[in-house]
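For reference, the structure is listed below as structure tokens.
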Amino acid sequence: MKKGSTIYEFFKGLWAENPVLVMVLGMCPTLAVSNTVINGFAMSLAVLFVLLGSNLMVSIIRKIIPSQVRLPVFIIVISTFVTIADLFLRAQFPDISKALGPFVPLIIVNCIIIARAEAFASRRGIWLSAVDAVGMSIGFMWVLVLLGVIRELLGFGSIAGFRVLGDWFPPWVVMLLPPGAFVSLGILVGLKNQIMTSLDKRKGRAS
Amino acid sequence: MKLAFRMITVLTGIGLFAGGSLALTYNATIKKIEDNERKAKELAAREVIPGATKVEETVIDRACSYFRGYDDAGNLVGYAVLNAEPGFQGNIKLIFGVTPDFKHATGLIVLDNVETPGLGNRIVEEPWRAQFTGLELPGEAVKGAKSKDNQIVAVTGATISSRAVVRIVNDGLAKFQEALK
Chain Z
1 MKKGSTIYEF
11 FKGLWAENPV
21 LVMVLGMCPT
31 LAVSNTVING
41 FAMSLAVLFV
51 LLGSNLMVSI
61 IRKIIPSQVR
71 LPVFIIVIST
81 FVTIADLFLR
91 AQFPDISKAL
101 GPFVPLIIVN
111 CIIIARAEAF
121 ASRRGIWLSA
131 VDAVGMSIGF
141 MWVLVLLGVI
151 RELLGFGSIA
161 GFRVLGDWFP
171 PWVVMLLPPG
181 AFVSLGILVG
191 LKNQIMTSLD
201 KRKGRAS
Chain H
1001 MKLAFRMITV
1011 LTGIGLFAGG
1021 SLALTYNATI
1031 KKIEDNERKA
1041 KELAAREVIP
1051 GATKVEETVI
1061 DRACSYFRGY
1071 DDAGNLVGYA
1081 VLNAEPGFQG
1091 NIKLIFGVTP
1101 DFKHATGLIV
1111 LDNVETPGLG
1121 NRIVEEPWRA
1131 QFTGLELPGE
1141 AVKGAKSKDN
1151 QIVAVTGATI
1161 SSRAVVRIVN
1171 DGLAKFQEAL
1181 K
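In order, the protein sequences belong to chains Z and H. Just so we're aligned, residue 1 is where the first sequence starts under my numbering, counting upward by one. Just so we're aligned, residue 1001 is where the second sequence starts under my numbering, counting upward by one.
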């Protein structure tokens, strides 16, 4: 997998440069809305829409933006897509929109989006920018859904609203509260690093 | 000079484009959004007024409004009051039904809250809310067991949230009676 190839730019977001586990960006929605699987999933869909839109837009207009005003331009582009996503959710999925609360409008200041615009889309072609956006969003999505599974399972005894643990299971309320989010995320980041180190070691031994 | 001109043109262009697409989206969605909000409120109002099939809203102030509930024949069967005030962590928005003589509540639904999951937000659960059906108004929240008809038992570990709900109901009732005069 070479840097710059479609496959590389897609898969880097999922693992090697995962926005949550490696770059540790977008912590605010990650910690706040990963209390249930559905919320995490809906949130990452909104991020996918915004990131894809803003990466495409920034990549298209990258040659005409004077570098002095590139940040205001990125912010305008991003907030436009965020507002569209927010209005759409409120019109079509009022329940999900209510559950996500202020975190959809807050995508505007989500570092993942602005970081991808600044570090990637403003320097690359349209195709690679789109691939990068989809890869990063899926990387964001699987971490949020996994966090949602852990927190919802331990906090409510259910997964995506379906009860899987019986009445014998006392729900751990703390998992739904901020401490549960920090603890679960910390464990995930630690696990990821552990896997990376052991993979590196094995590679080192083979060569 | 040339650079300044380019910066202004680009920013203006982007701004116009953004404004235009937002205006289009807003126009396409705003009706549906308002519909959703109205439907959610009216559904809750019909639920807390027993026998009501049609409700009419009258706004009192920004946080508070009341609904008249009518049955199929067009008779007034009760009122519902919507009120929002601070709870333990943030605003609690709720709607409750009132009998036509204002003496009893006929049900309660919590529409919005950010109380602690598992403790304070148990105010949304059916067994606790059911205490408001037939409750004498104005109410009072007590710990342990109730001794009077106007008392409800607070959620264990969430006395503040429970008291807040009762306070919001009482304040809403006062505003509603004031508005009717």
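Note that beta-carbon positions come from the ideal geometry of N, C-alpha and C, so glycine has one too. Being a predicted model, the structure only gives us computed values, none of them experimental.
I want to verify the contact list: residues of chain Z whose CB lies under 8 Å from the CB of residue i, in sequence order.
i: H/S1021; result: T80 and I84
i: H/T1156; result: Ordered by position in chain Z, no residue passes the 8 Å Cβ test against H/T1156, which lies about 13 Å from the chain.
i: H/G1118; result: G155, P171, V173 and L176
i: H/A1040; result: P94
Can you list, in chain order, the residues of its chain whose CB lies under 7 Å from that of residue i, leaving out five sequence neighbours each side?
i: Z/L154; result: W172 and M175
i: H/L1111; result: A1044, K1093, L1094 and I1095
i: Z/I126; result: L56, S59 and I60
i: H/K1103; result: E1136 and L1137
i: Z/R124; result: S59
i: Z/M136; result: G13, P19, L51, I112 and R116
i: Z/V73; result: I65
i: Z/A130; result: L52, N55 and L56
i: Z/L21; result: V143, L188, V189 and K192
i: Z/C28; result: L106
i: H/V1142; result: Q1151, V1153 and A1154
i: Z/I138; result: G13 and L14
Tell me whether residue i is buried or exposed, calling it buried when 16 or more other Cβ atoms sit within 10 Å of its Cβ.
i: H/G1066; result: Sequence check: residue 1066 of chain H is Tyr here, not Gly. The residue is buried, with at least 16 neighbouring Cβ atoms inside 10 Å.
i: Z/A119; result: exposed
i: Z/G13; result: buried
i: H/R1129; result: buried
i: Z/Q68; result: exposed
i: Z/L36; result: The amino acid at residue 36 of chain Z is misidentified as Leu; the sequence shows Thr. Answer is buried; the Cβ neighbour count reaches 16.
i: Z/D86; result: buried
i: H/I1008; result: exposed
i: H/M1001; result: exposed
i: Z/R144; result: It should be pointed out that residue 144 of chain Z corresponds to Leu in this sequence rather than to Arg. Buried, by the Cβ-count rule.
i: Z/S5; result: exposed
i: Z/P170; result: exposed
i: H/N1121; result: buried
i: H/A1004; result: exposed
i: H/A1080; result: buried
Who are the Cβ neighbours of residue i in its own chain at under 6 Å, not counting the five residues just before and after it?
i: H/E1085; result: I1168
i: Z/L128; result: E9
i: H/K1041; result: none
i: H/A1028; result: none
i: H/G1015; result: none
i: H/D1149; result: E1136
i: Z/P178; result: none
Find the residues of chain H that neighbour residue i, judging by a C-beta separation of less than 7 Å, and give them in chain order.
i: Z/Q194; result: Residues of chain H passing the Cβ test: none, with the nearest at roughly 30 Å.
Using the beta-carbon of each residue, which ones in chain H are nearer than 8 Å to residue i?
i: Z/V77; result: I1014 and A1018
Can you list, in chain order, the residues of its chain whose CB lies under 8 Å from that of residue i, leaving out five sequence neighbours each side?
i: Z/L100; result: V33, N39, A42, M43, A46 and L89
i: Z/R70; result: E118 and S122
i: H/V1077; result: I1049, P1050, G1051, A1052, G1069, Y1070, D1071 and P1100
i: H/G1134; result: H1104, A1105 and T1106
Could you list which residues in chain Z have their beta carbon closer than 9 Å to that of residue i, in chain order?
i: H/A1044; result: The premise fails here: H/A1044 is roughly 13 Å from chain Z at the closest Cβ pair, so nothing lies under 9 Å.
Taking 7 Å as the cut-off, is the CB of residue i close to at least one heavy atom of the ligand GTP?
i: H/T1159; result: As presented, the structure is devoid of all ligands, the ligand GTP included, so that no description of it is given.
Less than 8 Å between CB atoms is the rule here; does residue i satisfy it with respect to chain A?
i: H/P1127; result: Looking for chain A here will not work: the only protein chains present are Z and H.
At a CB distance below 7 Å, what residues from the segment 85 to 113 of chain Z approach chain H? Give them in sequence order. L87, F88, R90, A91 and P94
Identify each residue in the segment 163 to 187 of chain Z for which the Cβ-Cβ distance to at least one residue of chain H is less than 8 Å, and report them in chain order. P171, V173, L176 and L177
Listed in chain order, which residues of the segment 1004 to 1020 of chain H have Cβ atoms closer than 7 Å to some Cβ of chain Z? R1006, M1007, V1010, L1011, I1014, G1015 and A1018
Closer than 8 Å is the cut-off here; do at least three beta carbon pairs connect the segment 1051 to 1069 of chain H with the segment 100 to 116 of chain Z? no
Kindly confirm or deny that the segment 14 to 22 of chain Z and the segment 183 to 198 of chain Z touch, where touching means at least three C-beta pairs closer than 8 Å. yes
So, do the segment 1157 to 1165 of chain H and the segment 1076 to 1095 of chain H have three or more beta carbon pairs nearer to each other than 8 Å? yes
Per the contact definition of three or more C-beta pairs closer than 8 Å, is the segment 160 to 167 of chain Z in contact with the segment 56 to 70 of chain Z? no
What are the residues in the segment 1022 to 1038 of chain H lying within 7 Å of chain Z by C-beta distance? L1022, T1025, Y1026, T1029, K1032, I1033 and N1036
For the segment 54 to 79 of chain Z, list every residue whose C-beta sits within 8 Å of some C-beta in chain H, in sequence order. I61, I64, I65, P66, Q68, V69, P72, V73, I76, V77 and S79
Taking three-plus beta-carbon pairs below 8 Å as touching, is the segment 64 to 83 of chain Z in contact with the segment 109 to 116 of chain Z? yes
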